[in-house]
Amino acid sequence: MKKGLKKLSLLVALATVFAFAFSNAQAQDAAKPESKSSFLIGVKGGLTVNKMLVSHDWSATNYYSGGQALAFAHLNFNSWVGTALEVGFSQSGASRFATEATNGPRLTDYRLSNVQANLLTYFKLPVLSVYEPKIFIGPSMDANVYATGNVEGMTAAGSPLKYRVDATNNFKSMDWAMIVGLGVDFDIKFATLMIDARYRHGITDVNNKYGLGDQYISSIGMGNSDVRTRGWAINVGLGFKIGK
């Protein structure tokens, strides 16, 4: 938890510095004519690193890597501010999640496949015509489509045991979160190259306390614990301007 708060505090501090630079640059540029609004559509994708907090315990699970692919529509209100709607596929999860089955303890690697939708507000600093640093923040929703659990444990006889279960019903259908991130846009003539790093902070409990997989992992598998997602992602994308 403390590590997550430190990372979130760092992003907030960077956002504060960015906002200060933004206000100074905007004051210096007040006499210049405002650039025209522009609308972009495109795609982006990247790698995700995820984990879950169990009853606010950061050390309860380990990190689990995945991927995401998003389509987006981006509206620049002016040179400084824009908004974007992103929709696509994203993976989340955690590894070494301690669960309790009917015949003994288990360690489970959970992977969730989600449909993700993000509504982000961007604040840009157009320092040069070639590239534009930016920060962004906004709400995020993951719709749980399918989840698996790779389970490891021991049999009653002491032999190693490994199997996979459908864990979709172990998790709630919706995971609501907030995203904050940093990035930079590059003008490459025929398109805009976008690179960003983001942190996704789950704000709702995703533990479906009455859920069961197709192999019985009881509702005490994740117990009555509060389970929340945390995730980081690095994305690269291309945006194409529509109209002038």
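Residues -27 to -1, 1 to 217, numbered by mature numbering (1 follows the signal peptide of the UniProt record, and there is no 0), are exactly what the sequence shown covers, in order.
Glycine residues also receive a C-beta, built at the ideal position from the N, C-alpha and C atoms.
Local conformation of W31 per DSSP, three classes
One-based indexing of the sequence shown puts residue 31 at position 58. In this structure, W31 counts as helix in the three-state DSSP scheme.
Consult DSSP for T141 and reduce its assignment to one of helix, strand or coil.
Working through the sequence shown from its first residue, we reach residue 141 at position 168. Correct three-state label for T141: helix.
Assuming Q64 and T34 form a contact by the criterion Cβ under 8 Å, report the distance between their Cβ atoms to the nearest whole angstrom.
Locating residue 64 in the sequence shown gives position 91, counting from the first residue. Locating residue 34 in the sequence shown gives position 61, counting from the first residue. Between T34 and Q64 the Cβ distance is about 15 Å, and since that is not below 8 Å, they are no contact.
Let me make sure I understand the geometry here. Which of A46, H174, S52 has the alpha-carbon closest to that of S102?
For the purposes of this step, residue 102 is taken as the residue at position 129 of the sequence shown. Cα-wise, what sits closest to S102 is S52.
Alpha carbon of K182 to alpha carbon of D158, nearest angstrom:
The count along the sequence shown starts at 1 and reaches residue 182 at position 209. The count along the sequence shown starts at 1 and reaches residue 158 at position 185. If I take the Cα positions, the gap works out to 43 Å.
Between the C-alpha atoms of A120 and G154, what's the straight-line distance to the nearest angstrom?
On the sequence shown, position 147 is the one that residue 120 refers to. On the sequence shown, position 181 is the one that residue 154 refers to. Straight-line Cα distance between these residues: approximately 26 Å.
Is the separation between the beta-carbon of A150 and that of I176 shorter than 8 Å?
Against the sequence shown, residue 150 aligns to sequence position 177. Against the sequence shown, residue 176 aligns to sequence position 203. Contact: yes.
Which ranges does the beta strand (DSSP E) cover as unbroken runs of at least 3 residues, wholly within the stretch 48 to 125, from first to last along the chain?
Runs of the beta strand (DSSP E) inside the stretch 48 to 125: 54 to 74, 77 to 97.
Would you call the stretch 103 to 115 and the stretch 124 to 139 in contact, with 3 or more CB pairs under 8 Å?
By the criterion of at least three beta-carbon pairs nearer than 8 Å, the stretch 103 to 115 is not in contact with the stretch 124 to 139.
How many angstroms separate the CA atom of E125 from the CA atom of S11?
To locate residue 125, count along the sequence shown from 1; it is residue 152. To locate residue 11, count along the sequence shown from 1; it is residue 38. The alpha-carbon atoms of E125 and S11 are separated by roughly 52 Å.
Assigned secondary structure, D160 (DSSP; H/G/I helix, E/B strand, else coil)
Your numbering for residue 160 matches position 187 in the sequence shown. DSSP places D160 in strand when its eight states are reduced to three.
For the beta strand (DSSP E) that contains Y172, what are its first and last residues?
Here residue 172 corresponds to residue number 199 of the sequence shown, with the count starting at 1. Per DSSP, Y172 belongs to the beta strand (DSSP E) from 165 to 175.
Taking all protein chains shown into account, decide if F213 is buried (16 or more other Cβ within 10 angstroms of its Cβ) or exposed.
Working through the sequence shown from its first residue, we reach residue 213 at position 240. Sixteen is the threshold: since fewer than 16 other Cβ atoms of the shown chains lie within 10 Å of the Cβ of F213, the residue is exposed.
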